[in-house]
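Single-structure report; data block below.
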Amino acid sequence: AQSVTQPDIHITVSEGASLELRCNYSYGATPYLFWYVQSPGQGLQLLLKYFSGDTLVQGIKGFEAEFKRSQSSFNLRKPSVHWSDAAEYFCAVVPYSGGYQKVTFGIGTKLQVIP
Amino acid sequence: NAGVMQNPRHLVRRRGQEARLRCSPMKGHSHVYWYRQLPEEGLKFMVYLQKENIIDESGMPKERFSAEFPKEGPSILRIQQVVRGDSAAYFCASSPIATGAQNTGELFFGEGSRLTVL
């Protein structure tokens, strides 16, 4: 069964600093990979996704993520964090099989942004 | 609003009562998923339904929990005889085709229903 690891439960960065949130997955083949963001009291919103092709994917709100097959990682980055980026971020994976497969989420990383 | 609609947003129940959570998927989506979220535990898959069919209920507790997605109307997650441990946020998501099929996997989430059991 696939699994997703987000090793950092809480991260604090200063506004304007760069950000990298880590995500590692365990699965035999390359799955589809996603990052979602959840603001307090809200549902999850898709930031970006990777299916195939270019390993650096761009998303909304200035985020990007890089797929590294050799490290089974899909880390999320942003060059300059804004206070409005304070939220919880979830990495998710789903195996590609041509048919239904369950989406598995990581535990989430809570981002705090300080002035 | 064409998004996933969940209600109620907040629900308070006493131990032993029943909780019913409703979810209307996005227009054109016939695949519905329920997740439970507890603090620092992430989202846990509960059940995946299509119209009138339960496809995957591998995450559903064996007792007290049930889900349906009738031909007409919203999907319903039902929790009977609630206990304090059922207190959580329950999220519904929908998709136009099943997750895992080619070039898919994106889920569209509602804002959740937060259940508090007293």
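Sequences listed follow chains S and L, in order. Count along the first sequence from 1, then add 1174; that gives the number in this note's numbering. Count along the second sequence from 1, then add 26; that gives the number in this note's numbering. Heads up, the beta-carbon is just placed ideally off N, CA and C, and yes, glycines get one too.
Its chain contains 1189 and 1287 as the residues whose beta carbon lies nearer than 6 Å to that of residue 1257 of chain S, once the 5 sequence neighbours on both sides are disregarded; these appear in chain order. Residue 1255 of chain S has its alpha-carbon roughly 10 Å from the corresponding atom of residue 1237 of chain S. About 31 Å separates the CB atoms of residue 43 of chain L and residue 56 of chain L; that is not less than 8 Å, and the two are not in contact. For the pair residue 1261 of chain S and residue 1248 of chain S, the CB atoms are not nearer than the 8 Å cut-off. What residue 128 of chain L touches in chain S, judged by beta-carbon distance under 8 Å, is 1270 and 1272, going in chain order.
Residue L:47 holds the alpha-carbon nearest to the alpha-carbon of residue 36 of chain L among L:47, L:28, L:30 and L:29. Note that the region 100-118 of chain L does not touch the region 1266-1282 of chain S; fewer than 3 beta-carbon pairs, one per stretch, sit closer than 8 Å. Collapsing the DSSP output to three states places residue 1272 of chain S in coil. A straight-line Cα-Cα distance of about 17 Å links residue 131 of chain L and residue 1217 of chain S.
Below the 9 Å Cβ cutoff, chain S contributes 1183, 1281, 1282 and 1284 as neighbours of residue 66 of chain L, in chain order. Rounded to whole angstroms, the Cβ separation of residue 133 of chain L and residue 59 of chain L is 6 Å, and the two are in contact under 8 Å. At a beta-carbon threshold of 9 Å, none of the residues of chain S lie near residue 142 of chain L; the nearest stands roughly 14 Å away.
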